[in-house]
Amino acid sequence: MDHVGIQADCDEELEDLAHRVRDSGQPYLEMERVDCCHATMDKAWVKGIADEKWEVFLTHRHDLNQFGITQQEQIDEL
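In terms of this note's numbering, the sequence shown has 1422 at position 22, counting the first letter as 1, and numbering is strictly consecutive.
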């Protein structure tokens, strides 16, 4: 398993989830308007206590022709 994801349905839900990520005490990374997986998203990543990676995200559009730019180096630094 590479990571676990939770999709938010609206900006407010993403902000609530991102707030939990920031307050977790674990390493985290926030990204705005990134193109990934044929979509434009806002994301927050956090490393869990068992060293697993969690992604919370909100999709703004999902019709991109390209897969998008990987942020793997940043995510691996968590």
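Each residue gets a CB set at the ideal place from its N, CA and C atoms; glycine is no exception.
Sort out for me which residues DSSP pairs Gln1407 with in a bridge. Phe1457
According to DSSP, is Glu1430 part of a helix, a strand, or is it coil? strand
From His1438, Lys1443 and Ala1439, residue whose alpha carbon lies closest to that of Ala1418: Lys1443
DSSP three-state label for Ala1418, please. helix
In chain order, what residues of the same chain have a beta carbon less than 8 Å from the beta carbon of Val1461, not counting five sequence neighbours either side? The identity of residue 1461 in the sequence shown is Arg, whereas the question assumes Val. Excluding sequence neighbours, Arg1461 sits near Ala1439 and Thr1440.
Can you check which of these residues, Met1431, Val1421, Thr1459 and Arg1433, is closest to Val1446 by C-alpha distance? Closest option to Val1446, Cα to Cα, is Val1421.
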